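For reference, the structure is listed below as structure tokens.
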Amino acid sequence: MAAELALTAAGIVLSPLFQVFYEKMASLEFEGFFRRRKLSDKLLWKLKTALLSVSAVLEDAEDRQFTEANVKEWLDEVKGTIYDAEDILDKIATKDLIRKLDAEFGTIVSKEMPRHLGRLESLRTLTKFVVGKDSGCGIGELKKLNLLRGSLCIENLQNVTSLTDANDLNLVDKKYLEKLKLEWNSREDNTEDTSGRQMVVLNSLQPHSNLKSLTMIGYRGKSFPDWIGQLPSLEKLFISCCPQVESFSEGELPSNLNEISINCCDKLFANRMGWGLQKLQCLRRFTIWDHANDVESFPNEGLLPTSLTHLHIGFFQKLKSLDKKGLQHLTALEDLDILYCPKFECMPKDGLPASLSTLRINGCPLLKKECERKEGEEWRNISHVPNKYIDLAKRIG
């Protein structure tokens, strides 16, 4: 608040994107981080001054992005960088919190969280919480921390063994959280008991409807809960290493999703035509990695929506080609990655969308050999794409 008043008095209005970031830089935790490491106050002043300058450029870019495509692309990159920088500041604040708790209570548990964390009901920044086992820090420590905002990663959820413990987390009341990552230890056995227990736990971890990004890693249940489809603000969904999941919840995925990434979920991938992706007209980015050893052609006709601009396919061991019928309706597609598909050998004839501006091929030796000759049928199939890369670093054509 002090930072906001100072800026207002000086007649400076920051872009909303930078306002939160600037306030974090002006926080006591961040300034303390600088001083404990004997970093110069002048450097901190330079950082804040540079931020004000970038904010002014950003404000102009926000006005021009609707008429200039390259400005919009630059603006998206800047915003991504700011979000990454925010995560770093959050980590600094979290480490400062742990340092204070250790000094006050002297109870930090190795590789787990400090006890008494739940006493800090006004806490706003906690980027990671590691669920303790047995006598360690339990998930109930998060129950009253309803002012948490930004990003939160909860690790070792396999240590939550009862419905009571899961309900103690009280995620649904944490309305300021925008990004949530839920992680289970993937080394746990694939037993019916494990699967059933984790399904019960996940069903109780429903976040607030304001959530924008959800990541789930290492979950061993057979299905996802219905509440995933009840998150109207959800824009990004990342699912990795969930080998037992066979389907999404009953009903549709949230309609506002603009990015989906699914990795190492073979049973889920097998039911891909039931995901309803074609109905997601906000979907822009789709990543699918490490699936279906028996799939030789992808994507299926009717799988993807016409709104898609970025498609990333990787680690398909038997994939040989792209499906022309699955691509031809993707009239907005701009960016296509094909990564580490050792048997991939051909592009569809006249099948790549005319809108495609960037093609990256990496770890596909059969196709690489054909394309680097810059002649023959495979070269003709991709020659119209303005930006073509083989093995990521080498641009051809």
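For what it's worth, the working numbering labels the leading residue of the sequence shown as 128, then goes sequentially. For every residue, glycine included, the Cβ atom is placed at its ideal position computed from N, Cα and C. Computed from a predicted model, the values in this text were never measured in an experiment.
Sheet register partners of residue i (DSSP bridge)
i	result
Asp464	His439 and Arg487
Asn390	Ser367 and Trp416
Val257	Glu282
Cys473	Ser448
Ser424	Ser448
Gly429	None; Gly429 has no bridge partner.
Gly277	Leu304
Ser374	Ser350
From the options, residue whose alpha carbon lies closest to that of residue i
i	options	result
Val299	Lys308, Gly259 and Asn273	Asn273
Thr458	Pro352, Val258, Leu435 and Gly429	Leu435
Trp416	Phe425, Pro241 and Arg242	Phe425
Asn514	Ile488, Arg500, Gly265 and Phe442	Ile488
Gly441	Asn330, Cys468, Glu386 and Lys308	Cys468
Ser249	Phe256, Ile355 and Arg276	Arg276
Leu407	Leu380, Phe351 and Met343	Leu380
Gln285	Asn398, Lys301 and Ile266	Ile266
His456	Gln405, Ser322, Gly490 and Glu502	Gln405
Lys302	His335, Glu268 and Lys349	His335
Leu384	Pro370, Lys260 and Pro359	Pro359
Ser340	Phe351, Arg324, Glu386 and Trp311	Glu386
Buried versus exposed, by CB contacts within 10 Å (16 or more), residue i
i	result
Val140	Reliability of the predicted coordinates at Val140 is poor, the pLDDT of 41 falling under 50, and the value obtained from them is presented with this limitation in mind. By the neighbour-count rule (16 or more Cβ atoms within 10 Å), Val140 is not buried but exposed.
Ala293	buried
Thr318	exposed
Asn427	exposed
Ser482	exposed
Gly429	exposed
Cys498	buried
Met400	exposed
Asn398	exposed
Gln357	exposed
Alpha carbon of residue i to alpha carbon of residue j, nearest angstrom
i	j	result
Lys271	Ser448	52 Å
Phe375	Ser367	14 Å
Glu504	Cys392	34 Å
Ile509	Asp462	13 Å
Leu332	Lys363	18 Å
Pro432	Leu479	15 Å
Ser278	Ile517	35 Å
Ser237	Leu253	Residue confidence for Ser237 is low, a pLDDT of 39 falling below 50, so the modelled location carries little weight; the figure read from the coordinates is stated next. Rounded to whole angstroms, Ser237 to Leu253 spans 18 Å at the Cα level.
Pro281	Val257	In the sequence as presented, Pro is not what sits at residue 281; that position holds Ile. C-alpha separation (whole angstroms): 6 Å.
Gly353	Asp320	Per the sequence shown, residue 353 should be read as Asp rather than Gly. So the two alpha carbons sit approximately 21 Å from each other.
Lys255	His511	46 Å
Arg507	Asp464	18 Å
Val372	His243	35 Å
Ile344	Glu502	43 Å
His437	Leu486	10 Å
Glu305	Leu329	18 Å
Thr234	Gly259	Legend: pLDDT at Thr234 = 42, less than 50; position of this residue unreliable, no value from coordinates given.
Ser322	Trp402	22 Å
Cutoff 9 Å: residue i Cβ touching any chain D Cβ
i	result
Glu505	Here chain D cannot be found, since the structure has a single protein chain.
Give the list of continuous beta strand (DSSP E) stretches no shorter than 3 residues that lie fully inside the region 294-362. Counting only runs of 3 or more, we get 304-310 and 340-344.
Length-filtered (4 minimum) alpha helix (DSSP H) runs lying within the region 484-509: 492-499 and 503-509
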